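Asker: Sequential numbering from 1294 applies to the sequence shown in the working numbering.
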Amino acid sequence: MDTTDFDKLKKKIFEDRGFDFNQYGQEYVKRRLNVRIMALGIARDDWQGYLKVIEKEQEAEYLKLFDAFSVNVTEFFRDATAWKALREKYLPMMIAEKLKVKPSHLRIWSAACSSGEEPYSVAMLMKEILPRGLTLSITATDIDDDALNKARQGIYKKEALKNAEAGFGPLIQKYFRELPAPQQPLDSQKYQLSDEIRNMVVFQKHNFLSEQPLAQIDIIFCRNVMIYLSPKVKEKLFETFYKALLPHGMFVVGKSEIIFLGKGKDYFYALDSKEHIYRKERRSSEEPLPDNELERRKHWWPARAIEGDPKNNTK
């Protein structure tokens, strides 16, 4: 093992992202780095080999690296207060606005969706409140094929449901079933999400850092991702999401993410600063997309749409 190469790798990451691995136990850092290194088929502790990948892949690789380094388990309804605010106030608000326009269609994009907990959380909430007369499309994107395959299967360990059980217990009971595992230990219990919810979400591979975004979107979820990006890339991403959203569209980020330190304040205003829910600013100077560009971007959007339930209509 070359200690000098290890130090060079840490220095490169710090210079690019300001993430100081020296603040952590070095054996722990090496273990987490090796998770990503070996996933790429590189030999354990080959710091120089991984440094070459970092220099070549840049943003896409940093996302995967920090995902491997993170000790947080992806969960349903992570940051429960934000999801309660969405359920009780902001999703009904958006539905009411969309129903004023005919035909009524609500488009949601979960960007960097990982293994699907976020878009499925959205789907469960929307299933409960979507009224007749409003169709819904939920598209979830990520750059990781393995994560997308896991998401499509809809099978999760008990740990992924812990927040949901506390604040959204009825939804867990309604839309999940425990898989039989007669000789498995308790910490290996797995649960299958219902087809009813799985069929509401379309998963597709997409890199929002380098590919054209989806268009005509009403709500974008991009939570707990931007904290790993450089300020320059964040500003580019704010512009990308701003252009992807329809006028006054909603933008939901993680509780640790602040969008007003740079150009974010030029694109969005706070709808709920506590829960980090924002809306696209209405601008008289904003020009519509050319017809040919709008038509091209429509091909990104899946055709699947879910019709609302008549019982959810308010009287």
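Even glycine gets a Cβ: it sits at the ideal position worked out from N, Cα and C. Note that the structure is a prediction, hence the values are computed from the model and not measured.
Per the DSSP calculation, R1400 is bridged to which residue(s)?
Answerer: For the purposes of this step, residue 1400 is taken as the residue at position 107 of the sequence shown. In the DSSP output, where bridge partners are listed per residue, R1400 has S1430.
Asker: Is K1393 helix, strand or coil by DSSP?
Answerer: By 1-based counting over the sequence shown, the position of residue 1393 is 100. Coil, per DSSP.
Asker: Per DSSP, what kind of secondary structure is D1511 in: helix, strand or coil?
Answerer: What you label residue 1511 is simply residue 218 of the sequence shown in a count that begins at 1. Strand.
Asker: What does a CB cutoff of less than 8 angstroms around S1503 pick up in its chain, not counting 5 residues either side in sequence?
Answerer: As a first step, residue 1503 is located in the sequence shown; it is residue number 210 there, counting from the start. Taken in chain order, the residues that qualify are E1352, A1353.
Asker: Check whether the stretch 1515–1523 and the stretch 1479–1491 are in contact - that is, three or more C-beta pairs closer than 8 angstroms.
Answerer: Because the criterion of three Cβ pairs below 8 angstroms is not met, the stretch 1515–1523 and the stretch 1479–1491 do not touch.
Asker: Comparing C-alpha positions only, which one of Y1560, S1549, I1330, F1307 sits nearest to T1533?
Answerer: Taking the first residue of the sequence shown as position 1, residue 1533 is located at position 240. Nearest of Y1560, S1549, I1330, F1307 to T1533, Cα basis: Y1560.
Asker: Return helix, strand or coil for I1570, following the three-state DSSP convention.
Answerer: As a first step, residue 1570 is located in the sequence shown; it is residue number 277 there, counting from the start. Looking at I1570 - three-state DSSP - the assignment turns out to be strand.
Asker: Given a cut-off of 9 angstroms, decide if E1574 and A1378 are closer than it, judged by their beta-carbon atoms.
Answerer: As a position in the sequence shown, residue 1378 is number 85, starting the count at 1. As a position in the sequence shown, residue 1574 is number 281, starting the count at 1. Cβ distance not < 9 angstroms, so A1378 and E1574 don't count as in contact.
Asker: In this structure, what does DSSP give as the bridge partners for F1496?
Answerer: Taking the sequence shown and counting its residues from 1, one reaches residue 1496 at position 203. Paired residue(s): A1433.
Asker: Nearest by alpha-carbon distance to P1385: which of K1301, V1415, D1338 is it?
Answerer: For the purposes of this step, residue 1385 is taken as residue 92 along the sequence shown, with counting starting at 1. Ranking the options by Cα distance to P1385, first place goes to V1415.
Asker: Give me, in chain order, the residues of the same chain whose beta-carbon lies closer than 8 angstroms to that of S1549; leave out the 5 immediate sequence neighbours on both sides.
Answerer: Within the sequence shown, residue 1549 is the residue found at index 256, counting from 1. Same-chain partners within the cutoff: N1517, I1520.
Asker: Secondary structure at L1678, three-state DSSP: helix, strand or coil?
Answerer: Residue 1678 cannot be examined here, being either before or after the span of the chain that is shown, 1294 to 1608.
Asker: How many Å lie between Y1468 and A1361 at the Cα?
Answerer: Locating residue 1468 in the sequence shown gives position 175, where the first residue counts as 1. Locating residue 1361 in the sequence shown gives position 68, where the first residue counts as 1. Going by the C-alpha atoms only, they are around 29 angstroms apart.
Asker: Using C-beta distances below 7 angstroms, list every residue in its chain close to M1417, excluding the 5 sequence neighbours before and after it, in chain order.
Answerer: Looking up residue 1417 in the sequence shown gives position 124. In the same chain as M1417, and ignoring 5 residues on each side of it, the C-beta atoms closer than 7 angstroms to its own belong to L1464, Y1468, I1490, in chain order.
Asker: To the nearest angstrom, how far is it from the Cα of R1329 to the Cα of A1440?
Answerer: Here residue 1329 is taken as the residue at index 36 of the sequence shown, counted from 1. Here residue 1440 is taken as the residue at index 147 of the sequence shown, counted from 1. Their Cα atoms are separated by approximately 14 angstroms.
Asker: Mapping DSSP to helix, strand and coil, what is F1561?
Answerer: One-based indexing of the sequence shown puts residue 1561 at position 268. F1561: strand per DSSP, three-state reduction.
Asker: Relative to the C-alpha of D1338, which residue among E1320, E1348, Y1355 is closest?
Answerer: By 1-based counting over the sequence shown, the position of residue 1338 is 45. Checked all of E1320, E1348, Y1355; the closest Cα to D1338 is E1320.
Asker: Could you pull the DSSP bridge partners for E1471 from this structure?
Answerer: Translated into the one-based positions of the sequence shown, residue 1471 becomes position 178. Paired residues: Y1484.
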